[in-house]
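J.: Once you've had a glance at the structure underneath, I'll fire off some questions.
Residue numbers (full-length UniProt numbering): 1 to 319.
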């Protein structure tokens, strides 16, 4: 029995000895062979990355209408031109075919002709300046009062708790509902019209300014206090500059509302202004002049909006 065990042992060890004599590594045990692939993989390094599937080329229309995808300059100008020319062409065609009465719906050509005639007589320029002056007074006063209150409400929770309930309640009252009271209190002159424009923009601009101020990251305020800034310095040098683009956007939105209400104000007992010119043209059935005045109002409002947008981009470039 002992001889058989010895022979078996010598037989098991013989391959290792023979392999050692030939300079080859001895065969590994079964448990060592199981680990050999992992060791070989570790020595060989990581496997080469798999080739990614080729992306299908994106069509030009897909790039143009991609979500948040920048539009090329040429395509942008083309789209802007289409947004103006297509409605104008549709307006002109509709004015020709509707009931066979082009005088009932004058086309853009007729409106431009009427506007040129009014401009030559000096009426259009006088009325446009009267309307712009009212907007500058009423809306400008609303901005001067609402912006500081909005900064107060957005910066200090105590100011928000004090003012927001009242301002939030009054903003739901339509400004046109105050017209009878304004006429009784202020008469039919300019003060009532300016007050109407003030009420139309004040409440909304106050709340929107407060929301813009609340968008200032609290970390900027904390860092400013850590660096030794005082409360007034934080307001002037951190909160107001950061929130200024948002405040200008609020002014842009509410400026459009002011232009809507200035026409309403001029429809009542007025002797000048674009709204007055619309009422006068309506009395004599001069529909082409009504459209001409509407185009002038749109152009003035667009000019103001572009100026405010350029101002926002310039002052908010660092934000």
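All residues carry an ideal CB built from backbone N, CA and C; glycine is no exception.
Taking three-plus beta-carbon pairs below 8 Å as touching, is the stretch 134-150 in contact with the stretch 204-212?
T.: yes
J.: Flag this pair as touching only if the stretch 290-301 and the stretch 116-132 have three or more C-beta atom pairs under 8 Å; answer yes or no.
T.: Flag = yes, the stretch 290-301 and the stretch 116-132 touch.
J.: Under a three-way DSSP split, which group does residue 205 fall into?
T.: Within the chain shown, numbered from 1, the residue matching residue 205 stands at position 205. Residue 205 falls in the helix class under three-state DSSP.
J.: Within 10 angstroms of its Cβ, does residue 222 collect 16 or more other Cβ (buried), or is it exposed?
T.: By one-based count along the chain shown, residue 222 stands at place 222. The residue is exposed, with fewer than 16 neighbouring Cβ atoms inside 10 Å.
J.: For residue 289, which residues of its own chain have a beta-carbon under 6 Å away from its beta-carbon, when the five flanking residues on both sides are left out?
T.: As a position in the chain shown, residue 289 is number 289, starting the count at 1. 114, 281, listed in sequence order.
J.: Can residue 277 and residue 123 be called in contact, C-beta distance under 8 Å?
T.: By 1-based counting over the chain shown, the position of residue 277 is 277. By 1-based counting over the chain shown, the position of residue 123 is 123. Closer than 8 Å, so yes.
J.: Helix, strand or coil for residue 123 per DSSP?
T.: What you label residue 123 is simply residue 123 of the chain shown in a count that begins at 1. Looking at residue 123 - three-state DSSP - the assignment turns out to be helix.
J.: What's the C-alpha gap between residue 201 and residue 248?
T.: Within the chain shown, numbered from 1, the residue matching residue 201 stands at position 201. Within the chain shown, numbered from 1, the residue matching residue 248 stands at position 248. Whole-angstrom Cα-Cα distance: 14 Å.
J.: Around the Cβ of residue 250, are there at least 16 other Cβ atoms within 10 angstroms (buried) or fewer (exposed)?
T.: Walking along the chain shown from the start, residue 250 turns up at place 250. Per the 10 Å Cβ criterion, buried.
J.: If we count the other Cβ atoms within 10 Å of its Cβ and call it buried at 16 or more, is residue 165 buried or exposed?
T.: Here residue 165 is taken as the residue at index 165 of the chain shown, counted from 1. Exposed.
J.: Just to confirm the assignment, what range does the alpha helix (DSSP H) spanning residue 72 have?
T.: Locating residue 72 in the chain shown gives position 72, counting from the first residue. No alpha helix (DSSP H) holds residue 72; DSSP gives it neither H nor E.
J.: Does DSSP classify residue 191 as helix, strand or coil?
T.: Counted from its first residue, the chain shown places residue 191 at position 191. If DSSP states are grouped into helix, strand and coil, residue 191 belongs with the helices.
J.: CA-CA distance, residue 72 and residue 268?
T.: Here residue 72 is taken as the residue at index 72 of the chain shown, counted from 1. Here residue 268 is taken as the residue at index 268 of the chain shown, counted from 1. So the alpha carbons of these two residues sit roughly 47 Å apart.
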